[in-house]
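Enquirer: Mapping of the sequence shown onto the working numbering: position 31 corresponds to residue 244, and the numbering continues sequentially without gaps.
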Amino acid sequence: MDSGNAAWMLIAASLVFLMTPAVAFFYGGMVRAKAVLNMMMMSTLAIAVTGFIWTLWGWSISFAGKDIGGVFGDPITGFLLKDTVTAKDGVFTSLDSANAAYPHTIDIAFQAAFAMICVALISGALAERVKISTWMIFVALWITLDYAPMAHMVWNHGLLAADGPISNAIGAQAHDFAGGTVIHINAAVAALVIVLIIGRRIGFPKESIRPHNVPMVMLGAFLLWFGWFGFNAGSAFAANGTAGYAWVSTTIAASGATLGWLFTERIRTGHYTAMGAASGMVAGLVAITPAADVVSPLWAMVIGLLAGFVCCLACGLKFRFAYDDSLDVVGIHGVGGLLGTLLIGFFGTGTGFLAGGNFRQLLVQFLVALIAIIYAAVVTGVIAFALEKTIGWRVSKDQEVIGVDQSDQGESAYDFGSILN
214 MDSGNAAWML IAASLVFLMT PAVAFFYGGM VRAKAVLNMM MMSTLAIAVT
264 GFIWTLWGWS ISFAGKDIGG VFGDPITGFL LKDTVTAKDG VFTSLDSANA
314 AYPHTIDIAF QAAFAMICVA LISGALAERV KISTWMIFVA LWITLDYAPM
364 AHMVWNHGLL AADGPISNAI GAQAHDFAGG TVIHINAAVA ALVIVLIIGR
414 RIGFPKESIR PHNVPMVMLG AFLLWFGWFG FNAGSAFAAN GTAGYAWVST
464 TIAASGATLG WLFTERIRTG HYTAMGAASG MVAGLVAITP AADVVSPLWA
514 MVIGLLAGFV CCLACGLKFR FAYDDSLDVV GIHGVGGLLG TLLIGFFGTG
564 TGFLAGGNFR QLLVQFLVAL IAIIYAAVVT GVIAFALEKT IGWRVSKDQE
614 VIGVDQSDQG ESAYDFGSIL N
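1. Buried or exposed, going by whether 16 or more other CB atoms sit within 10 Å of the CB of E341?
2. List the whole-angstrom C-beta distance separating A505 from F390, where the pair is believed to meet the contact cut-off of C-beta under 8 Å.
3. With burial defined as no fewer than 16 other Cβ atoms inside 10 Å of the residue's Cβ, what is the status of P234: buried or exposed?
4. Distance check for G493 and T486, CA to CA, integer angstroms please.
5. I'd like to know if the region 225-232 and the region 603-619 are in contact, where contact means that at least 3 CB-CB pairs between them fall below 8 Å.
6. Can the beta-carbon of N369 be found closer than 8 Å to that of S509?
7. At the level of alpha carbons, what is the spacing between L575 and P362?
8. Tell me the residue span of the beta strand (DSSP E) that contains V508.
9. Would you mind sorting S346 into buried or exposed? The rule is 16 or more other CB atoms within 10 Å of its CB.
10. Can the beta-carbon of G433 be found closer than 8 Å to that of T471?
11. When you compare the CB positions of G550 and L519, do they come within less than 8 Å of one another, or not?
12. Whole-angstrom Cβ separation of A314 and N218, contact assumed at under 8 Å?
13. Candidates F559, E478, F476, F532: which alpha carbon is nearest L511's?
14. Quick check: the Cα distance between Y360 and V408, rounded to an integer number of angstroms?
15. Verify whether the separation of the beta carbon atoms of Q622 and N251 is less than 8 Å.
16. From C528 to A261, what distance separates their C-alpha atoms?
17. Within 10 Å of its beta-carbon, does G565 have 16 or more other beta-carbons around it, so buried, or fewer, so exposed?
18. Can the beta-carbon of F522 be found closer than 8 Å to that of T477?
19. Tell me which same chain residues have a C-beta within less than 7 Å of the C-beta of I586, skipping the five on either side of it?
20. Taking the continuous alpha helix (DSSP H) assigned at F598, which residues delimit it?
21. Quick one: measure Cβ to Cβ for A459 and V577, integer angstroms, because I've assumed they're closer than 8 Å.
22. At what residue ranges does the region 388-449 contain a whole run of the alpha helix (DSSP H), taking only runs of 4 or more?
Quick look at the structure:
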């Protein structure tokens with residue numbers, strides 16, 4: 214064990230955990246005042262439900278259980294963390310490991326925080342119209358059947374891993390440093406599938422549905438950027454130079470995407486908006502996530518600029534095709550995650566087409582992303598359709614008009630009567 218690595222990874226786990234409350238602020242500010250508490254509650258329950266599922270079998274399916282077909286680990290080996298946690302002299306600690314640079318319990322914490330933020334991202338697409346009870350059940354099923362197997366496939370020697378059968382067949386190692394496929398593509402595909410099943414908010418796309426608190430959105434975006442240092446630099450799994458460079462490349466890309474989004478917005482609308490700056494930050498953070506350790510500063514800058522430009526344009530597709538991705542989960546996380554994953558095939562040092570002269574890296578990145586999209590779409594579709602046909606996703610039309618804060622939570626974020634008095 215190395216105390217320096219252990220300390221850093223515990224800090225990184227805490228930073229990643231912070232990202233889910235940051236999403237609560239980011240999404241909470243974007244919705245109307247009558248739905249802000251409901252939006253923040255969805256992030257709260259993403260934490261709470263995932264914490265239970267991860268302890269019961271999520272950790273085992275992802276990382277601890279015996280591999281089954283390269284798709285998932287068995288849920289029994291690590292059930293209730295029995296492979297990892299032990300009592301010694303009446304105090305609980307990690308089981309010893311000769312190969313780990315830090316205790317297994319810290320890895321459980323780090324990976325649990327990843328699962329929490331991933332499912333919380335989905336909630337942004339469902340804003341202002343779904344029942345909290347259905348959301349809780351969905352989180353439990355989705356972490357079990359989608360997220361945990363996806364994490365196993367990509368990060369635990371599974372089907373989509375760098376040492377998996379697809380990479381071996383192509384002769385290039387698939388690369389997802391911190392979650393381009395596992396987190397962003399996965400969450401965005403799930404969000405799109407659910408949106409298509411549950412339908413649009415009342416008034417969309419004809420009515421203008423504006424954010425009620427832009428400073429809250431900005432606060433969430435800045436907290437996300439801060440937490441992302443744990444997300445990306447923590448994925449080095451050590452306090453080393455790779456972690457340091459991941460911090461740097463993350464900032465370069467987020468900076469580039471902020472500028473790219475704002476320049477695009479200026480050309481299209483004549484304004485540089487705070488909402489655009491916040492969205493651009495997140496787009497750049499998403500795009501660099503899979504590539505943070507393998508692209509040079511120049512290419513990190515290019516990835517950021519491209520992410521800002523492309524994601525800004527992609528967020529308008531929901532109006533053209535009339536799917537109500539309320540807070541642009543598909544446009545930012547789906548498009549940004551896919552862009553970052555594929556650009557490794559061009560810009561990956563020594564392996565990418567432009568930075569290494571090899572087309573195989575692009576091919577393996579494409580195939581891994583494609584399989585992740587198909588898997589997420591099928592599994593999420595089954596879960597979402599089953600919930601729609603049994604307990605239902607949506608509140609009633611009257612409840613939606615009144616606001617889900619009142620109808621589902623029985624409270625309001627702001628007491629306007631007291632303010633006026």
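For each residue, glycine too, the CB sits at the ideal point set by N, CA and C.
Expert: Inspection of the coordinates gives the following:
1. E341 is buried by the Cβ-count criterion.
2. Indeed they touch by this definition, with Cβ atoms about 5 Å apart.
3. Looking at its Cβ environment, which holds 16 or more other Cβ atoms inside 10 Å, P234 is buried.
4. Using only the alpha carbons, I get a separation of about 10 Å.
5. With the cut-off at 8 Å, the region 225-232 and the region 603-619 do not touch.
6. Not a contact, by the Cβ cut-off of 8 Å.
7. Rounded to the nearest angstrom, the two C-alpha atoms are 24 Å apart.
8. Neither: V508 is in no beta strand (DSSP E) and is coded neither H nor E.
9. Residue environment for S346: exposed (fewer than 16 other C-beta atoms within 10 angstroms of its C-beta).
10. Between G433 and T471, the CB-CB gap reaches or exceeds 8 Å.
11. The answer is no: Cβ separation not under 8 Å.
12. The distance from the Cβ of A314 to that of N218 is about 4 Å, consistent with a contact at the 8 Å cut-off.
13. That would be F559, whose Cα lies nearest to the Cα of L511.
14. The straight-line gap from Cα to Cα measures roughly 18 Å.
15. Cβ atoms of Q622 and N251: closer than 8 Å.
16. Their backbone Cα atoms lie some 30 Å apart in a straight line.
17. By the neighbour-count criterion, in which 16 or more other beta carbons inside 10 Å mark a residue as buried, G565 falls on the buried side.
18. Closer than 8 Å, so yes.
19. Listed in chain order, the non-local C-beta contacts of I586 below 7 Å within the same chain comprise I398, V402, local neighbours out to five positions each way being set aside.
20. That run of the alpha helix (DSSP H) goes 573-602.
21. Wrong, their Cβ atoms sit about 21 Å apart, outside the cutoff.
22. Segments of the alpha helix (DSSP H) lying fully in the region 388-449: 399-411, 427-446.
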